[in-house]
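**Student:**
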Amino acid sequence: MNLGRAIIMTLLSAALTVLCVWVALVADTEHAIWGLVGGLFFGAGTLLALSYIFPARIPPPDADGSTTIHKSFFRCVLMAIACAAIVVASVIAIPQIGAMHDWRAYAFYVIPIPCAVLTVMYLLWAFGGEPAYRFDANGLTRYQWGARTIPWSDITNVRTWAHRGGRHVVVDVTSERRRSMPWWGRLGPGFGAGDLTLSSMPAGVAPDALEALVRAYWERGAVRR
Numbered sequence: 717m718n719l720g721r722a723i724i725m726t727l728l729s730a731a732l733t734v735l736c737v738w739v740a741l742v743a744d745t746e747h748a749i750w751g752l753v754g755g756l757f758f759g760a761g762t763l764l765a766l767s768y769i770f771p772a773r774i775p776p777p778d779a780d781g782s783t784t785i786h787k788s789f790f791r792c793v794l795m796a797i798a799c800a801a802i803v804v805a806s807v808i809a810i811p812q813i814g815a816m817h818d819w820r821a822y823a824f825y826v827i828p829i830p831c832a833v834l835t836v837m838y839l840l841w842a843f844g845g846e847p848a849y850r851f852d853a854n855g856l857t858r859y860q861w862g863a864r865t866i867p868w869s870d871i872t873n874v875r876t877w878a879h880r881g882g883r884h885v886v887v888d889v890t891s892e893r894r895r896s897m898p899w900w901g902r903l904g905p906g907f908g909a910g911d912l913t914l915s916s917m918p919a920g921v922a923p924d925a926l927e928a929l930v931r932a933y934w935e936r937g938a939v940r941r
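Note that this note's numbering has the sequence shown beginning at 717, numbered continuously upward.
1. To the nearest angstrom, how far is the alpha carbon of D780 from that of S869?
2. Less than 9 Å between the beta carbons of P771 and S916, yes or no?
3. Rank V887, P847, W861, V742 by C-alpha distance to the C-alpha of P923 and give the top, closest one.
4. Within the continuous beta strand (DSSP E) that includes A848, where are the two ends?
5. Cα-Cα, which of L839, W750, F843 is closest to E810?
6. State buried or exposed for W900, treating a residue as buried only when at least 16 other CB atoms are found within 10 Å of its CB.
7. Mapping DSSP to helix, strand and coil, what is W934?
8. My understanding is that G882 touches S788, with C-beta atoms under 8 Å, so please give their C-beta distance in whole angstroms.
9. Going straight from the alpha carbon of A832 to that of A805, what length do you get?
10. Would you kindly work out how many angstroms separate the C-alpha atoms of N718 and Y825, rounded to a whole number?
And the structure:
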């Protein structure tokens, strides 16, 4: 999500949140509950967009020349609160949708499950202390979804990839280093776009800055070879 879109989404979601809270305060009980549910949902959207307005900075290199990028505490905490708000909103809405007898209303029974998982995941990222990425003379290591290290000699290209409103850094590797696509990677184009995807989401850094850092280390590795 670029800065302009993040600002627009933050302002729009914040305005809708205020409107829903106002409805929750002045309306009768039934409409007040739906106002509260809407306020929680749009409040979650506000936090999500807000996390993109203030990207994290890439830290300076360590004494040995390596660079370690930690997961953004600010972004992970905001995302955890947003997911928790969606869980609470869904739980509050369940008694209200029970009398609707519409099969689409039962989505509220399903929504809390993945959002609860995401809440725990973002809290673990925020307080776990494990870095997001590390770059050194030997290669790059991605710690998200399990540690994976790629030597610079096995990288063939570095690029950014725009998908579903977000931009990510994609590292193409040699065929020997390429992993087979898991079954869920065949469900949509987003999962199989690159050999190694460095998402800017957990680290909170701008994709362009992350790409420049990866490319700089990669080019140094090429010179050493």
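Just so it is clear, CB atoms sit at the ideal spot from N, CA and C, and this is done for glycine as well.
No experiment lies behind these values; they were computed from the predicted model shown.
**Tutor:** Quick answer:
1. Looking at the backbone, the Cα of D780 and that of S869 are separated by about 20 Å.
2. For P771 and S916, yes; Cβs fall inside 9 Å.
3. Of V887, P847, W861, V742, the smallest CA-CA separation from P923 is found for V887.
4. 847-851
5. Note that residue 810 corresponds to Ile in the displayed sequence, not to Glu. Taking only the C-alpha atoms, the option nearest I810 is W750.
6. The predicted model places W900 with a pLDDT of 49, which falls under 50 and marks its position as unreliable; any figure quoted below should be read in that light. In this structure W900 is exposed. Its beta-carbon is surrounded by fewer than 16 other beta-carbon atoms within 10 angstroms.
7. helix
8. The pair is not a contact, with the Cβ atoms about 15 Å apart (cut-off 8 Å).
9. 12 Å
10. 32 Å
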